[in-house]
Amino acid sequence: MGLLGLDLTSWGLVATFIILLLYFMGSRGHDFFSKRDVPYLRPLPILGNMGALVFRRKSFGELLESLYIEFKRHKVGGMFRFNQPVYVLCDPETIKQITVKDFDHFVDRSVPFPEDSEPLFMKSLIGLKGDKWKNMRSTLSPAFTSSKMKNMFLLVDECGNQLSQYLHDELKKQGGGTLGLEMKDLFTRYANDVIATAAFGIQCDSLKDNSNQFYVMGKEATISSAAKSLIFLGYLCAPKLMRMMGIPLLSRPVSKFFKGLIYDTLEVRQRQNIIRPDMIHLLLQARKAELKGQDGTTELSDEDIAAQAFLFFLAGFDTTSTLLCFITYLLALHGGIQDRLQAEIEQVLENSGGKTTYEDLHAMKYLDQVVSECLRLYPPAVVVDRECLRTYTIPGTHITLEKGMRFALMEVKLALVHLLHNFNLQTTSKTPIPLQITRKSLNMMVDGGFWIGIEPRTKA
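Take the sequence shown: its letter number 32 is residue 753 in our numbering, and every next letter is one higher.
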């Protein structure tokens, strides 16, 4: 007598049936692109074309690069994000057409999370859809004009001064010479302090104290670790199952901390009539329709404000620090470019009496070129996705789709101005040459870290 009254042959048949059932369920919809005569990569059951990412054979950037190489002779190709078909655009003109001229067809992001997921995600611009997204976007747009960024300039500049002073102090502690630092850790602390002061209205010197609660909770909120990357992939693959299993997209302590911080700040600001040139103040102005160019009052709840502030944090915490890492790495490798950029910075500072202004920062053309070229080579955000809201035919093809960063640049450029005005960057024995993008995280990270040598500049 076998287990549950079944012999080995019967169990073999049951196992075969289950495997076939999973195969056919996992392959459902895999004829999506073939029906539409669109070139595509043949997918695996359940995993689609994400197998190399799940099993860490490729980084996210390498996966996207392989898709581009496969489809670069076409305007568009197809891949499967697990079982979800995704069009991959490879033609710059088509991308421009969709993201600019015909953007009204593609305002929604392809967010796989259920609507009742974490409100800090779903009530932010990244989670809202349709008219809710349009209304929130029109409400927030006046808060991010050039004049509003100019008002925040001094807050960010002070963080740049703290960064420079920290490096001077560390060099003094070791008695001069070259200071070897892992730049991701350094710039993550800098980015944390910028967001804390410019978005949340609090000051925390993470360069000297990386155990402060804002920094600890900020690192916990990002998906840089392998475990958090797997949770994110789980939500991409089976969001309802992840919810049923009780696995939150954002840990409860992190959610509670950021909500409590913002709610307390809002209460104190309104009760004491505190005005500070930061994002919380701009959102309060938006609530009262006090922003120039804004039409009428807007129903912005405390939770809505918390969600937008948290999105501001997520958008800048990792991407800014990563971009600064790649820029300083490339400058350390290419001394001639570093020298030319330092010369431009010195010239501008000399003309402005030694202090950088908002206008000076935007007048540095070579600085802008350096940042732009690094963004081309190593974009921190490697993909932009959208859902088609109305039937749309891609120009020049037979393919029909059925309906279905100003502040950050200021933050990056100011950090570079303070760094290069005071220090030279160079490689050390720990500097990885060439860089190897890690396959352990969905973010743009490198194996071994960004190790750079920092020396004080000798000025004539």
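Even for Gly, the Cβ is constructed at its ideal location relative to N, Cα and C.
For a quick check, are the C-beta atoms of residue i and residue j less than 8 Å apart?
i	j	result
Asp-930	Glu-1108	no
Leu-998	Asn-882	Per the sequence shown, residue 998 should be read as Pro rather than Leu. No, Cβ-Cβ distance for Pro-998 and Asn-882 is not below 8 Å.
Phe-921	Thr-986	yes
Gln-1147	Thr-866	no
Leu-928	Tyr-984	no
Phe-1144	Arg-1178	yes
Thr-1041	Glu-1132	yes
Glu-903	Phe-1171	yes
Ala-912	Phe-1038	yes
Phe-803	Leu-1035	no
Leu-765	Leu-971	no
Asp-821	Val-759	At residue 821 the sequence reads Val, which differs from the Asp that was named. Not a contact, by the Cβ cut-off of 8 Å.
Leu-1044	Leu-1096	yes
Leu-1110	Phe-908	no
Asp-1106	Ser-831	yes
To which residues of the same chain is residue i closer than 7 Å at the C-beta, ignoring the five residues directly before and after it?
i	result
Leu-1032	Ser-845, Leu-846, Ile-847
Glu-891	Leu-900
Ala-919	Met-873, Leu-876, Val-877, Asp-999, Met-1000
Gly-1169	Pro-1153
Ala-773	Lys-779, Leu-784
Leu-849	Met-857
Lys-905	Ser-1042, Cys-1046, Gly-1170, Phe-1171
Residue range of the alpha helix (DSSP H) that residue i falls in?
i	result
Gly-1174	Gly-1174 -> not in any alpha helix (DSSP H); beta strand (DSSP E) instead, spanning 1172-1177.
Phe-874	867-894
Val-1167	From DSSP, Val-1167 is part of no alpha helix (DSSP H); its letter is neither H nor E.
Gln-1147	Careful: Gln-1147 lies outside any alpha helix (DSSP H), inside the beta strand (DSSP E) at 1144-1147.
Ile-1066	1056-1072
Phe-935	934-942
Glu-786	781-792
Arg-964	960-965
Gly-678	Outside the shown range of the chain (722 to 1181) lies residue 678, about which nothing can therefore be said.
Gln-991	973-993
Arg-858	851-861
Ala-1007	1000-1008
Leu-841	840-843
Taking buried to mean at least 16 other C-beta atoms within 10 Å of its own C-beta, is residue i buried or exposed?
i	result
Asp-1060	exposed
Gln-991	exposed
Asp-752	exposed
Met-722	Because the pLDDT of Met-722 is 46, which lies under 50, any placement of that residue in the model is unreliable, and the question is left without a value.
Arg-910	buried
Thr-1121	exposed
Ser-1022	exposed
Asn-1164	buried
Leu-962	exposed
Gly-939	buried
Met-1166	buried
Tyr-1087	exposed
Ile-1175	buried
Pro-1155	exposed
Gly-750	exposed
Pro-974	exposed
Ile-1115	buried
Phe-754	buried
Leu-951	exposed
Val-807	buried
Met-965	exposed
Looking at the unbroken beta strand (DSSP E) that takes in residue i, where does it start and where does it end?
i	result
Leu-900	900-903
Arg-802	797-802
Tyr-1087	Element bounds for Tyr-1087: not the beta strand (DSSP E) but the alpha helix (DSSP H), 1086-1098.
Tyr-761	That residue, Tyr-761, is in no beta strand (DSSP E); it is neither H nor E in DSSP.
Gln-818	From DSSP, Gln-818 is part of no beta strand (DSSP E); its letter is neither H nor E.
Pro-806	805-810
Spatial neighbours of residue i within its chain, please: CB distance less than 6 Å, with the 5 preceding and 5 following residues excluded, ordered by chain position.
i	result
Thr-1077	Val-1138
Asp-1081	Val-1069, Ser-1073
Ala-1084	none
Gln-717	The structure shown does not extend to residue 717, since the chain is modelled only from 722 to 1181, so the question has no answer here.
Tyr-1079	Lys-871, Phe-874
Gln-924	Thr-918
Between which residues of its own chain and residue i is the CB-CB distance below 8 Å, once the five residues before and five after are set aside?
i	result
Ala-864	Met-1000, Leu-1003, Leu-1004, Gln-1006, Ala-1007, Leu-1012
His-889	Asn-1143, Pro-1177
Lys-793	Cys-811
Gly-897	Pro-1177
Should residue i be counted as a contact of the ligand MN given a C-beta to heavy atom distance under 7 Å?
i	result
Gln-993	As presented, the structure is devoid of all ligands, the ligand MN included, so that no description of it is given.
Indicate whether at least one CB of chain D lies closer than 8 Å to the CB of residue i.
i	result
Asp-829	The structure shown contains no chain D; it is built from a single protein chain.
(request) May I ask you to verify whether the stretch 780-798 touches the stretch 806-813, counting CB pairs closer than 8 Å and requiring at least 3? (result) The answer is yes - the stretch 806-813 touches the stretch 780-798, with three or more Cβ pairs under 8 Å.
(request) Please determine if the stretch 1044-1051 and the stretch 1133-1149 are in contact, where contact requires at least 3 C-beta pairs separated by less than 8 Å. (result) Here the stretch 1044-1051 lies against the stretch 1133-1149, with 3 or more beta-carbon pairs under 8 Å apart.
(message) Three or more C-beta pairs under 8 Å: does that hold for the stretch 961-981 against the stretch 935-945?
(response) yes
(message) With a threshold of 8 Å, are at least 3 pairs of Cβ atoms found where one atom belongs to the stretch 1088-1104 and the other to the stretch 775-787?
(response) yes
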